[in-house]
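Our numbering puts the first residue of the sequence shown at 715, with every later residue one more than the last. A virtual CB, placed ideally from N, CA and C, is assigned to each residue, including glycine. Here is the structure we will look at, set down as structure tokens.
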Amino acid sequence: MTSHHRPLLLLILLTAFALRIVGVVGQFPPGVAHDEVAHWLIARDILAGNHAIYFTAAYGHEAGYHYLEAIFLSLLGDNLLALRLPAVLCGLLGVAVTYALAKRLFGETVALLAAGLLAVLFWPVFYGRLALRAISLPVVAGLSAYFWWQGWLLTQRRRGAERYFVLAGLFAGLSLYTYLAARAVPIFFLLFILYLALVHRRELQARWRGVVGFTAVFLLTAFPLFYYLQTHPGAEFRVAEVSQPLNELRAGSPLPVLQNGLKLAGMFGVVGDPLWREGVPGVPVFEPVLALLFYGGVFLSVWRWRDGRYAFILLWLLVSLLPSLVTINAPSHIRSINALVVMSIFPALLIHNLGELSTDFPRLSTKRVKLGLTILAFTFFLLYAGRTLYLTFQVWPAGGDVPFVWQTAFAKVATILDESDGTAVSLAGWSPDTMDSPTMTLLRQNDATPLSHFNPQEGTLLIPKSGQIVRPSALPLDPYWEIQLADWNATVITTALTTHYNLHTPPPLTPTIPANISFGGEIQFLGYALTSSPAYLLTYWRVTAVPSAPRRLFIHFLDENGQQIGEVYAFDTADPQSLWFPHWQSGDLLLQKHEIPVPLAEVAHIRLGWFDPYSCDSGPCQNLLTPTGEPFLLLTIEQELRGDLK
715 MTSHHRPLLL LILLTAFALR IVGVVGQFPP GVAHDEVAHW LIARDILAGN HAIYFTAAYG
775 HEAGYHYLEA IFLSLLGDNL LALRLPAVLC GLLGVAVTYA LAKRLFGETV ALLAAGLLAV
835 LFWPVFYGRL ALRAISLPVV AGLSAYFWWQ GWLLTQRRRG AERYFVLAGL FAGLSLYTYL
895 AARAVPIFFL LFILYLALVH RRELQARWRG VVGFTAVFLL TAFPLFYYLQ THPGAEFRVA
955 EVSQPLNELR AGSPLPVLQN GLKLAGMFGV VGDPLWREGV PGVPVFEPVL ALLFYGGVFL
1015 SVWRWRDGRY AFILLWLLVS LLPSLVTINA PSHIRSINAL VVMSIFPALL IHNLGELSTD
1075 FPRLSTKRVK LGLTILAFTF FLLYAGRTLY LTFQVWPAGG DVPFVWQTAF AKVATILDES
1135 DGTAVSLAGW SPDTMDSPTM TLLRQNDATP LSHFNPQEGT LLIPKSGQIV RPSALPLDPY
1195 WEIQLADWNA TVITTALTTH YNLHTPPPLT PTIPANISFG GEIQFLGYAL TSSPAYLLTY
1255 WRVTAVPSAP RRLFIHFLDE NGQQIGEVYA FDTADPQSLW FPHWQSGDLL LQKHEIPVPL
1315 AEVAHIRLGW FDPYSCDSGP CQNLLTPTGE PFLLLTIEQE LRGDLK
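Now the structure itself:
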């Protein structure tokens, strides 16, 4: 590297780091997504001694990136900064890897241009700020590309270059342990070796030992994952959810794949990824001028396809798009993420080749052309840095479903709880028995405040001992409980993100039929009531001990002959990923409104109880027992009560 290029590379790397680290907690993203929480849980499992090469949690995750996360968490603790720093690091390394590869292939000027663009483009910056494993793929796969060319270009000049092919095979194999889209990496190398056999046979024959070493090391590195997936065919059920275009292609209908191909071709300059969770919908990778330079660079590579360097980056780009080509929601930035390794090289190549105009057109001085191209490059660098800042901090955080997916309201609640006096609070959410509890653990800096969780969409109201209830303003309580809270003189404070209820005195519960029966020493039945127009069953419960396992309430409606004519359920469910966390505190009041699925006049008895939903797969459901050893409680509805509510 020449001395005057070092400051430029340093500026590029510092800019890349700043765009990925500034405000990475609290601003962009505005909270934390379930996918990020799942990454944290897997890393926590690793720290607890649960090791694997493939984790089935969260619909299946390759293990590599999670071990990096585990290292950061062990060093910096359980917090969002520690969780996202590996992505920041991978994003920065991705810029460095692209620089190294482009320099090896096309020289230092192209390398600086490519690295500068990759440092400031919104797509790589976006994934360099999220705690998601996909951003590690371009780094590891990119290193395989770099070491391949290191070995290829050194073979004729010195002995021992085969070791670089071995390193290339190692990193190509390791890339499979980063993200699902890495399955395209072996496809790329297979196709490129075939290309070399057809177009550069002599050069390939001169390097056969290195290529054999590459293949052997790749197969050895990839074999453990391949063996695991072959022996656990259900581990990747997420693939079946997104592979509709591929399935239709196999069935003889290529139209969805062809449509995806057009979308992917336009992703770089026409219309980008359609989802808010993948960026700003519809925004292409490049604006018009740079898009033309990108497509021009692609055309230049096609024109020079017999040059192995151009064929390499062109084939890498095309194969990197395959995971999005055969899946839904194309064009998908995350499934095409391995394209980041070479994407910025294409416009850099064309910009650099414009410098040759002074040779073809003598009236153009070389000095003027170089000055103009330098100004153009810095202009692009500044404009795209500004564009990324605007999209990152102004457009994306409040757009579409971003506040919901990244749980902005929960982030606000966490800030409130960290500043509170430690009084118990109940928090309404969409997934109280699975993701809400770990989400809040990750968001909060101070875990001293007891926190309970419930889902108001299911007709639940949870009142802690303190009487303080918080919900996202976008998640309303059941209207019945909203009215009850008003009748109980609850103070209500509403903001754009959260609504806070404060009951200054315990609510005067008035079940029509009071009771005092314990289930398993964990949950106490306080009684029930019936409402009319429409008819609802209200059940009242108190948590007496924090449950040690998921608890699901069943209510069976029986007729005069004791035959079941209807049923309803409430609270914890069996999660497909077997995910569950304690989410109630001792002393919590659980108030539940149940819809009665049959005419009330036909109901003579109610049978209710609690069970562990996970116990039902291997045999009879395991119920919590009453003090008399019964697995349920049988209630008789008086005829007068039914008649009053007809």
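Inter-residue Cα distance where the pair is residue i and residue j
i: L926; j: W862; result: In the sequence on display, residue 926 carries Val and not Leu. Their backbone Cα atoms lie some 12 Å apart in a straight line.
i: R720; j: F1092; result: 16 Å
i: W922; j: V802; result: 38 Å
i: T1219; j: L761; result: 44 Å
i: F1325; j: P1296; result: 15 Å
i: G1343; j: I1231; result: 12 Å
i: D1150; j: I901; result: 40 Å
i: L790; j: Q741; result: 20 Å
i: N1160; j: I1042; result: 41 Å
i: R1321; j: L1223; result: 22 Å
i: T935; j: L890; result: 9 Å
i: G1276; j: L1349; result: 11 Å
i: A965; j: P1290; result: 29 Å
i: P800; j: A747; result: 16 Å
i: S1329; j: P1345; result: 14 Å
i: T1088; j: S1050; result: 30 Å
i: C1335; j: D987; result: 45 Å
i: L724; j: Y893; result: 29 Å
i: F1107; j: V985; result: 21 Å
i: A1125; j: W1294; result: 21 Å
i: L1078; j: R1020; result: Note that L1078 scores 48 on pLDDT, short of 50, meaning its location in the model is unreliable; the coordinates nonetheless yield the value given after this. Going from the Cα of L1078 to the Cα of R1020 covers about 30 Å.
Residue i - DSSP class collapsed to helix/strand/coil
i: V751; result: helix
i: T945; result: helix
i: P998; result: coil
i: W1324; result: strand
i: S1180; result: coil
i: E1274; result: coil
i: I1207; result: strand
i: N1160; result: coil
i: R1266; result: strand
i: H1167; result: strand
i: F1075; result: Unreliable positioning characterises F1075 in this predicted model, as indicated by a pLDDT of 47, which lies under 50. The coordinate reading is nonetheless provided below. Of the three classes helix, strand and coil, the one that applies to F1075 here is coil, per DSSP.
i: H1297; result: coil
i: H914; result: coil
i: R1018; result: coil
i: T1174; result: strand
i: N974; result: helix
i: V853; result: helix
i: P1061; result: helix
i: R1185; result: strand
Status (buried if at least 16 other CB within 10 Å, exposed otherwise) for residue i
i: P1261; result: buried
i: Q1306; result: buried
i: F769; result: buried
i: V994; result: buried
i: E783; result: buried
i: Y941; result: exposed
i: S1038; result: buried
i: V1139; result: buried
i: C804; result: buried
i: I1065; result: buried
i: D1115; result: exposed
i: G1181; result: buried
i: R897; result: exposed
i: L972; result: exposed
i: L733; result: buried
i: G1323; result: buried
i: T1213; result: buried
i: N1169; result: buried
Heavy atom of the ligand SAM within 7 Å of residue i beta-carbon
i: V1282; result: Ligands displayed in this structure: none; no statement on the ligand SAM is therefore possible.
Segment contact flag, the stretch 875 to 894 with the stretch 820 to 839, C-beta cutoff 8 Å, min 3 pairs: The stretch 875 to 894 is not in contact with the stretch 820 to 839.
Any 3 or more C-beta pairs closer than 8 Å across the stretch 1202 to 1222 and the stretch 1152 to 1164: The stretch 1202 to 1222 vs the stretch 1152 to 1164: no contact.
Three CB pairs or more closer than 8 Å across the stretch 1239 to 1257 and the stretch 1314 to 1329: They touch, by the three-pair rule.
At least 3 beta-carbon pairs within less than 8 Å: the stretch 1114 to 1126 vs the stretch 752 to 760: Not touching, per the Cβ criterion.
At least three beta-carbon pairs within less than 8 Å, the stretch 995 to 1011 to the stretch 1043 to 1060: Contact between the stretch 995 to 1011 and the stretch 1043 to 1060 is present: three or more C-beta pairs spanning the two stretches fall below 8 Å.
Residue ranges of each beta strand (DSSP E) within the stretch 1189 to 1261, 3 or longer: Here the runs fully enclosed are 1205 to 1208, 1212 to 1216, 1227 to 1233, 1237 to 1245, 1250 to 1257.
The stretch 807 to 819 contacting the stretch 841 to 858, beta-carbon criterion three pairs below 8 Å: By the Cβ rule, the stretch 807 to 819 counts as touching the stretch 841 to 858, because three or more pairs are nearer than 8 Å.
Stretch-stretch touch, CB-based, cutoff 8 Å, three pairs: the stretch 1131 to 1148 with the stretch 1170 to 1180: They touch, by the three-pair rule.
Meets three-Cβ-pair contact criterion under 8 Å: the stretch 833 to 844 and the stretch 1095 to 1107: Under the three-pair Cβ rule at 8 Å, the stretch 833 to 844 counts as touching the stretch 1095 to 1107.
Unbroken stretches of the alpha helix (DSSP H), 4 residues or longer, contained in the stretch 736 to 807: Listed in chain order, they are 748 to 761, 778 to 790.
At least three beta-carbon pairs within less than 8 Å, the stretch 1231 to 1242 to the stretch 1255 to 1273: Touching, yes, given that three or more Cβ pairs across the two stretches are closer than 8 Å.
Contained beta strand (DSSP E) runs [length at least 3] in the stretch 1114 to 1144, N- to C-terminal order: DSSP runs (the beta strand (DSSP E)) wholly in the stretch 1114 to 1144: 1139 to 1142.
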